[in-house]
Amino acid sequence: MTTALYRRYRPQAFGEMIGQSQVTEPLMTALRSDRVGHAYLFSGPRGCGKTTSARILARCLNCAQGPTDTPCGECDSCVELGRGGGGSLDVVEIDAASHNGVDDARDLRERAIFAPARDRFKIFILDEAHMVTQQGFNALLKLVEEPPAHVKFIFATTEPEKVLGTIRSRTHHYPFRLVPPAAMLEYVQELCETEGVAVEAGVLPLVVRAGGGSPRDTLSLLDQLIAGSDRDADDRVLVNYERAVALLGYTHSELLDEVVDAFAALDGGGAFAAVDRVVQTGQDPRRFVDDLLERLRDLIVVAATGAGASAVLRGVPDDELERMARQATAFGVARLSRTADLVVAALDEMTGATSPRLQLELLVARVLTHAGVSQGVSPAAAPTHAAEHAAAPAAARTP
1 MTTALYRRYR PQAFGEMIGQ SQVTEPLMTA LRSDRVGHAY LFSGPRGCGK
51 TTSARILARC LNCAQGPTDT PCGECDSCVE LGRGGGGSLD VVEIDAASHN
101 GVDDARDLRE RAIFAPARDR FKIFILDEAH MVTQQGFNAL LKLVEEPPAH
151 VKFIFATTEP EKVLGTIRSR THHYPFRLVP PAAMLEYVQE LCETEGVAVE
201 AGVLPLVVRA GGGSPRDTLS LLDQLIAGSD RDADDRVLVN YERAVALLGY
251 THSELLDEVV DAFAALDGGG AFAAVDRVVQ TGQDPRRFVD DLLERLRDLI
301 VVAATGAGAS AVLRGVPDDE LERMARQATA FGVARLSRTA DLVVAALDEM
351 TGATSPRLQL ELLVARVLTH AGVSQGVSPA AAPTHAAEHA AAPAAARTP
């Protein structure tokens, strides 16, 4: 039984946090200058490090060498609050989703009266703080406003606007944000090297994209891929691109290339054949259209930046960049932009659609017809009856 990656690599100091410098740097400065507040509010998307930062702040405050901006990691308090630690009596984590009433608030007030058992401060970390009822917040208000000198509060929430305003105004509010893709990609690459895991080209950008900027979600997905991967000839775990695409639900790059090439050549038969492959393989048409929009965005970047595209599209293999450069040249920036507009409109139309295949075929017809009209060329006739059925109403709506 192995420990999950996000637990094994949970940061132990502010310096180990990624993509949250707007939070970590001011907190470290406050700790160094001994200007620590009595209550903090950490807000932001799920899995971006709010609770982890609350634990790090608790370690910094109760470290035997502190308060310090970097916990020593060796004293009893640091060990208890670190990876694999059993927790500290003087750091109380409360799940506000299930302890959110006035009785829970009164219990917390009674516990706050007593001095710390061993450490410098008694610290209360309230996770999911937005779940506390108004009555519960009102019961806490006086304590949060004027706590004993040995008490600190850290509220963590994904919805700060639901925290009672009178509580929020008495805290130092630090907003967390999603980690940028470039920083996340560099982080997972280093992690794979540390773990001795081999990864095929194109896998990690997919993992980063699926993680949505959340380190916890990204590491959970990577953990799942590693757990289901075979070993290579060197007896290293090898994360396979085909398996990653299937598990994460993304469209294979070859299929996207096929569609883009068909659009560039105004090849209706090729485009509708690709649509048929999407449906026959059980893919979600909306996900396919979303992936197509992502590819068109990449092509616009390549067309606009030329040789500098690799600095923007980090993690994309060189051979794929060369292929995208050829596709971007065949399209041109203006036509790529118009095609992307059509795809965006189709995504909106596909929301709640009862026949996603029909919507997808209509999109293909619009792209081909619009491009053919703008270039004065008739797109190649589609080989199927469904394609003809889709192309007729699409052409009628073309401006």
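The opening position of the sequence shown corresponds to residue 1 in full-length UniProt numbering, with each subsequent residue numbered one higher.
Glycine included, C-beta positions come from ideal geometry on N, C-alpha and C.
Would a C-beta distance cut-off of 9 angstroms place residue i and residue j closer than the cut-off?
i	j	result
residue 118	residue 77	yes
residue 292	residue 343	yes
residue 356	residue 290	no
residue 48	residue 214	yes
residue 122	residue 111	yes
residue 155	residue 57	no
residue 204	residue 189	yes
residue 315	residue 253	no
residue 219	residue 6	yes
residue 174	residue 26	yes
residue 80	residue 87	yes
residue 147	residue 39	yes
residue 346	residue 360	yes
residue 136	residue 101	yes
residue 260	residue 299	yes
residue 24	residue 37	no
residue 265	residue 340	no
residue 318	residue 310	yes
residue 68	residue 32	yes
residue 244	residue 302	no
residue 145	residue 120	no
residue 138	residue 91	no
residue 70	residue 28	yes
Rank the options by C-alpha distance to the C-alpha of residue i and give the top, closest one.
i	options	result
residue 327	280, 257 and 360	257
residue 13	60, 5, 3 and 312	60
residue 93	261, 63 and 129	129
residue 50	359, 308, 159 and 267	159
residue 132	150, 148, 149 and 95	95
residue 248	277, 278 and 287	287
residue 183	82, 222, 20 and 330	20
residue 336	26, 370, 282 and 149	370
residue 338	296, 311 and 324	296
residue 10	318, 54, 146 and 264	54
residue 221	234, 246 and 236	246
residue 161	261, 239, 125 and 44	44
residue 127	300, 186, 98 and 363	98
residue 151	172, 138 and 124	124
residue 262	364, 186, 33 and 22	364
residue 242	28, 70, 255 and 266	255
residue 4	217, 244 and 311	217
residue 134	309, 103, 31 and 62	103
residue 141	114, 109, 234 and 191	109
residue 306	208, 325 and 235	325
residue 209	349, 2, 294 and 83	294
residue 238	193, 319 and 302	193
residue 211	187, 234 and 233	187
residue 52	89, 82, 115 and 277	82
residue 85	280, 308, 240 and 8	8
residue 279	64, 138, 358 and 234	358
residue 89	116, 18, 321 and 64	116
residue 113	170, 143 and 269	143
residue 157	351, 46, 267 and 236	46
Identify every residue that forms a DSSP beta bridge with residue i.
i	result
residue 154	40 and 125
residue 172	40
residue 198	238
residue 231	237
Could you name each continuous beta strand (DSSP E) segment of 3 residues or more that falls completely within the stretch 87–142, going from the start of the chain to the end? 91–95 and 122–127
Whole alpha helix (DSSP H) elements within the stretch 30–64, 4-residue minimum: 50–62
How do the stretch 269–282 and the stretch 222–236 stand: do at least 3 beta-carbon pairs fall below 8 angstroms, yes or no? no
Report yes or no: do three or more beta-carbon pairs, one from the stretch 195–203 and one from the stretch 150–167, lie closer than 8 angstroms? No, the stretch 195–203 is not in contact with the stretch 150–167.
Uninterrupted beta strand (DSSP E) stretches inside the stretch 308–379 (no shorter than 3 residues): Secondary structure remark: continuous beta strand (DSSP E) runs of at least 3 residues inside the stretch 308–379: none found.
Contained alpha helix (DSSP H) runs [length at least 4] in the stretch 256–296, N- to C-terminal order: 268–280
Sequence ranges, alpha helix (DSSP H) only - wholly within the stretch 198–224, length at least 4: Counting only runs of at least 4 residues, the stretch 198–224 fully encloses the following alpha helix (DSSP H) elements, listed from N- to C-terminal order: 203–211.
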